[in-house]
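In the working numbering, the protein residues as written are 2 to 178. Since the structure comes first, as structure tokens, the remarks are kept for the end.
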Ligand code: HC3
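Encoded structure:
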């Protein structure tokens with residue numbers, strides 16, 4: 002409910018429907034900025050903010066960071082890996098698709114990441130969905146889930162899934178900061 006003296010947007014539902022194998026990366030972070038502002042920083046036409054976030058996450062050799070053309074865009078970077086075994090770094094190819102965008106309700110962006118340099122890197126794609134909705138007092142709630150889609154199973158499935166979830170927890174924390 003809105004009136005002239007009170008132009009606070011009421012909190013909204015993020016539209017999440019659980020899918021098989023979803024793992025929650027970020028259960029609920031509240032950001033003290035309205036939904037449109039958070040969307041602009043992460044997915045808006047000025048990609049300078051996102052570039053800074055990706056570099057803060059210690060990624061390097063970033064490709065050009067294009068703005069969305071229609072509902073999707075592609076970019077890539079090198080991602081450092083801290084694991085005791087396996088390669089020290091991998092290239093990551095990211096495709097982002099805006100699946101839902103209603104500034105009065107919620108926004109859903111899907112990222113599909115392919116990282117060919119890790120063992121069995123050609124056998125899986127990391128799907129990450131970022132949900133933005135209105136919180137109280139014109140703030141934004143962020144919710145992030147991930148799942149890995151496998152084209153063929155490997156013995157390293159568990160190791161890779163754990164590495165992916167841990168890596169995304171760290172990178173989401175930096176993004177929120
Ligand atoms: C490389 C990664 C999977 C992809 C993760 C991405 C690029 C996904 C999109 C997010 O927006 C940002 C992000 C953060 C971390 C990335 C993960 C870190 C580790 C994981 C590998 C597949 C793990 C492989 C582990 C091992 C031991 C086999 O090398």
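Every residue gets a Cβ at the ideal spot worked out from N, C-alpha and C, and that includes glycine.
Looking only at C-alpha atoms, which of the options sits nearest to residue i?
i           : options               : result
residue 1   : 130, 24, 73 and 77    : Any property of residue 1 remains undetermined from this structure, which presents the chain solely from 2 to 178.
residue 137 : 21, 18 and 29         : 29
residue 99  : 80, 164, 73 and 107   : 73
residue 158 : 125, 89 and 101       : 125
residue 103 : 16, 9 and 113         : 16
residue 1   : 161, 44, 88 and 68    : Only positions 2 to 178 of the chain appear in this structure, which leaves residue 1 out of reach.
residue 94  : 118, 42, 71 and 86    : 118
residue 42  : 120, 68, 155 and 63   : 68
residue 106 : 9, 13 and 8           : 13
residue 178 : 154, 108 and 58       : 58
residue 10  : 160, 109, 37 and 120  : 37
residue 18  : 156, 109, 162 and 161 : 109
Can you give me the Cβ contacts of residue i inside the same chain, cut-off strictly under 6 Å, excluding the 5 residues immediately before and after it?
i           : result
residue 24  : 147 and 166
residue 152 : 124
residue 111 : 98, 100 and 130
residue 162 : 149
residue 64  : 76 and 77
residue 135 : 10, 12, 13 and 36
Can you name, in chain order, every residue of its own chain whose Cβ lies under 8 Å from the Cβ of residue i, other than the five neighbours on each side?
i           : result
residue 26  : 129, 145, 146, 147, 166, 169, 170 and 173
residue 39  : 32, 133, 141 and 143
residue 122 : 91, 115 and 116
residue 89  : 81 and 82
Write down the C-beta distance between residue i and residue j rounded to the nearest angstrom, noting that I regard them as a contact closer than 8 Å.
i           : j           : result
residue 139 : residue 116 : Contact doesn't hold; Cβ gap of about 37 Å is too wide.
residue 86  : residue 175 : Actually they are not in contact, since the Cβ atoms of residue 86 and residue 175 sit about 24 Å apart, beyond 8 Å.
residue 34  : residue 164 : That belief does not hold up - the Cβ atoms of residue 34 and residue 164 are roughly 31 Å apart, past 8 Å.
residue 96  : residue 113 : 5 Å
Near residue i, what residues of its chain come up, given a Cβ to Cβ distance below 7 Å and the 5 sequence neighbours on each side ignored?
i           : result
residue 66  : 48, 51, 52 and 76
residue 150 : 125, 126 and 128
residue 62  : 78 and 79
residue 22  : 148
Could you tell me which residues DSSP puts in a beta bridge with residue i?
i           : result
residue 26  : Its beta-bridge partners do not exist; DSSP assigns none.
residue 96  : 75 and 113
residue 126 : 150
residue 143 : 30 and 133
residue 57  : BP columns for residue 57 are empty, so no partner.
residue 10  : Its beta-bridge partners do not exist; DSSP assigns none.
residue 80  : 91
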